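S.K.: The structure follows.
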Amino acid sequence: MSLEIDIHEQSCRGCELCIDICPTKVFELDTEKRLCVVKHAEDCIACLSCAYICPSNAITHTDYHAVKNFYRDAEFCQRMGKFL
Amino acid sequence: METNKQRLALQDAMVFLGAIASGTEQAIGESANSISYLAGVNLGKRLSEGVTNTKDILQALDSTREVLKKNDYLWLFEPFKTHDQETIVQEDENSIQVMLVFRDCMIRQSLFRFGHTQKGSLCNMMYGFFAGALQNIMGQESSLEIVHAGENACYKKLIVRRTP
Chain A
183 MSLEIDIHEQ SCRGCELCID ICPTKVFELD TEKRLCVVKH AEDCIACLSC AYICPSNAIT
243 HTDYHAVKNF YRDAEFCQRM GKFL
Chain B
6 METNKQRLAL QDAMVFLGAI ASGTEQAIGE SANSISYLAG VNLGKRLSEG VTNTKDILQA
66 LDSTREVLKK NDYLWLFEPF KTHDQETIVQ EDENSIQVML VFRDCMIRQS LFRFGHTQKG
126 SLCNMMYGFF AGALQNIMGQ ESSLEIVHAG ENACYKKLIV RRTP
């Protein structure tokens, strides 16, 4: 699995919220374009906080591990049966 | 119990867990963190009883992961390093540090199910769990600092203090 991050250039307003929230400093500001850009995609932990906080919904991730909503997962519910 | 009933029961249990965390924090404030932490320590110690001792932090983390898997606990994690770190394990004279990424987490799911904030008392339970398990496995004190609590993953710093 090779995670990719894409920032839609026309949507980005350069507000830098993604830069502020990212714990591993994946983004930086392109000062010429006044846009946020992906600098170190390899450092992304796929917490998705940047995508959630972006007011323009400009950030998308692909090929990442999406957490299991395990209370909806039949197999996991069976495994959790012993706790219930 | 058939699966649909299990799902409903699990959702109820998660909402209940979220409600307990929320209520305790409202009633006793930050003391709720200490209570959850100690509960986590006890759980970590109990579940890691009999695990082979080691001073190697990565091996200790593997053992902790096995303990969690064996008990069907959805608290899976992995060590992580950023591009500017040379090694996963960072050491200085006082401590050994490893950054950990937590992806599937039953606590995060419970908090979201109830609509409660992260980094609260339930998250401290995980801190306690690691402290208890690593106390058994490595014989050393440790802390698990929440660097970032995200929607799809959390980023934490595990610090194991060296014994003099």
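Line by line, the protein sequences give chains A and B.
Following the numbering used here, the numbering of the first sequence begins with 183 at its first residue and continues without gaps.
Following the numbering used here, the numbering of the second sequence begins with 6 at its first residue and continues without gaps.
Don't be surprised by glycine CBs; every beta carbon is placed ideally from N, CA and C.
Nothing here was measured: the structure is a model prediction, and the numbers come from that model.
In the DSSP assignment, the alpha helix (DSSP H) including B/E71 goes from what residue to what residue?
M.R.: As a position in the second sequence, residue 71 of chain B is number 66, starting the count at 1. Element bounds for B/E71: I62 to K75.
S.K.: Find out if the Cβ-Cβ distance for the pair A/C197, A/F209 is shorter than 9 Å.
M.R.: Reading the first sequence from its first residue, position 15 is the one you call residue 197 of chain A. Reading the first sequence from its first residue, position 27 is the one you call residue 209 of chain A. Their beta carbons are not under 9 Å apart, which means A/C197 does not touch A/F209 by this criterion.
S.K.: Rounded to whole angstroms, how far is the Cβ of B/M130 from the Cβ of B/S53, which I believe are closer than 8 Å?
M.R.: Position 125 of the second sequence, counted from the first residue, corresponds to residue 130 of chain B. Position 48 of the second sequence, counted from the first residue, corresponds to residue 53 of chain B. At roughly 15 Å, the Cβ-Cβ gap does not stay under 8 Å, so B/M130 and B/S53 are not in contact.
S.K.: By the criterion of Cβ-Cβ separation under 8 Å, what are the contact partners of B/Y132 in chain A?
M.R.: Within the second sequence, numbered from 1, the residue matching residue 132 of chain B stands at position 127. Residues of chain A passing the Cβ test: none, with the nearest at roughly 17 Å.
S.K.: Starting from A/Y234 and walking both ways along the alpha helix (DSSP H), at which residues does that stretch end?
M.R.: Counting from 1 along the first sequence, the entry for residue 234 of chain A is found at position 52. Run containing A/Y234: S231 to I235, per the alpha helix (DSSP H) assignment.
S.K.: List the residues of chain B whose Cβ lies closer than 9 Å to the Cβ of A/P237, in chain order.
M.R.: Taking the first sequence and counting its residues from 1, one reaches residue 237 of chain A at position 55. Neighbours of A/P237 on chain B: none; closest Cβ ~16 Å, over 9 Å.
S.K.: Taking just the CA atoms, how far does A/E214 sit from B/I112?
M.R.: The residue labelled residue 112 of chain B in the question sits at position 107 within the second sequence. The residue labelled residue 214 of chain A in the question sits at position 32 within the first sequence. Taking the straight line joining both Cα atoms gives about 42 Å.
S.K.: Suppose you measure from the CA of A/D212 to the CA of A/V219; what does that come to, to the nearest Å?
M.R.: Indexing the first sequence from 1 puts residue 212 of chain A at position 30. Indexing the first sequence from 1 puts residue 219 of chain A at position 37. Roughly 6 Å between the two C-alpha positions.
S.K.: Quick check on the burial criterion: 16 or more other C-beta atoms within 10 angstroms. Buried or exposed for B/K74?
M.R.: Numbered from its first residue, the second sequence carries residue 74 of chain B at position 69. B/K74 is exposed by the Cβ-count criterion.
S.K.: So within the stretch 92-150 of chain B, which uninterrupted beta strand (DSSP E) runs reach at least 3 residues, ignoring any that extend past its ends?
M.R.: Listed in chain order, they are 94-96 and 100-110.
S.K.: Is A/E186 buried or exposed, if buried means 16 or more other CB atoms sit within 10 Å of its CB?
M.R.: The count along the first sequence starts at 1 and reaches residue 186 of chain A at position 4. With fewer than 16 Cβ atoms within 10 Å of its Cβ, A/E186 is classed as exposed.
S.K.: Let's test the definition: count the other Cβ atoms within 10 Å of the Cβ of A/T189 and tell me whether it reaches 16, buried, or not, exposed.
M.R.: If you number the first sequence from 1, residue 189 of chain A lands on position 7. The amino acid at residue 189 of chain A is misidentified as Thr; the sequence shows Ile. Classification for A/I189: buried.
S.K.: Measuring only between beta-carbons, confirm whether A/V220 sits less than 9 Å from chain B.
M.R.: Sequence index remark: in the first sequence, residue 220 of chain A carries index 38 (1-based). For A/V220, the answer is no, since every Cβ of chain B falls outside 9 Å of its Cβ.
S.K.: Between A/D225 and B/L66, what straight-line distance do the alpha-carbon atoms span, to the nearest angstrom?
M.R.: Locating residue 225 of chain A in the first sequence gives position 43, counting from the first residue. Locating residue 66 of chain B in the second sequence gives position 61, counting from the first residue. Computed Cα separation, rounded: 21 Å.
S.K.: Give a yes or no on whether 9 Å exceeds the smallest Cβ distance from A/C229 to chain B.
M.R.: To locate residue 229 of chain A, count along the first sequence from 1; it is residue 47. A/C229 counts as touching chain B.
S.K.: When you check each C-beta in the stretch 198-211 of chain A against every C-beta of chain B, which residues fall closer than 7 Å?
M.R.: P205 and T206
S.K.: Have a look at B/N99 and B/C128 and give me their C-alpha separation to the nearest angstrom.
M.R.: The residue given as residue 99 of chain B occupies position 94 in the second sequence. The residue given as residue 128 of chain B occupies position 123 in the second sequence. The straight-line gap from Cα to Cα measures roughly 25 Å.
S.K.: Examine chain B for any beta-carbon lying closer than 9 Å to the beta-carbon of A/K250, and answer yes or no.
M.R.: The sequence position of residue 250 of chain A within the first sequence is 68, counting from 1. Closer than 9 Å: yes.
S.K.: Check whether the Cβ atoms of B/V94 and B/L63 lie closer than 9 Å to each other.
M.R.: The residue labelled residue 94 of chain B in the question sits at position 89 within the second sequence. The residue labelled residue 63 of chain B in the question sits at position 58 within the second sequence. Yes.
S.K.: Taking Cβ positions, are A/S231 and A/C204 nearer each other than 9 Å?
M.R.: The sequence position of residue 231 of chain A within the first sequence is 49, counting from 1. The sequence position of residue 204 of chain A within the first sequence is 22, counting from 1. Yes, these two residues count as a Cβ contact at 9 Å.
S.K.: Can you give the beta carbon distance from B/S126 to B/A26, rounded, assuming they're within the 8 Å contact cut?
M.R.: The residue you call residue 126 of chain B lines up with position 121 of the second sequence. The residue you call residue 26 of chain B lines up with position 21 of the second sequence. About 5 Å separates the two Cβ atoms, so the contact holds.
S.K.: Mind pulling the chain B residues with CB within less than 7 Å of A/E224?
M.R.: What you label residue 224 of chain A is simply residue 42 of the first sequence in a count that begins at 1. The answer, in chain order, is H88.
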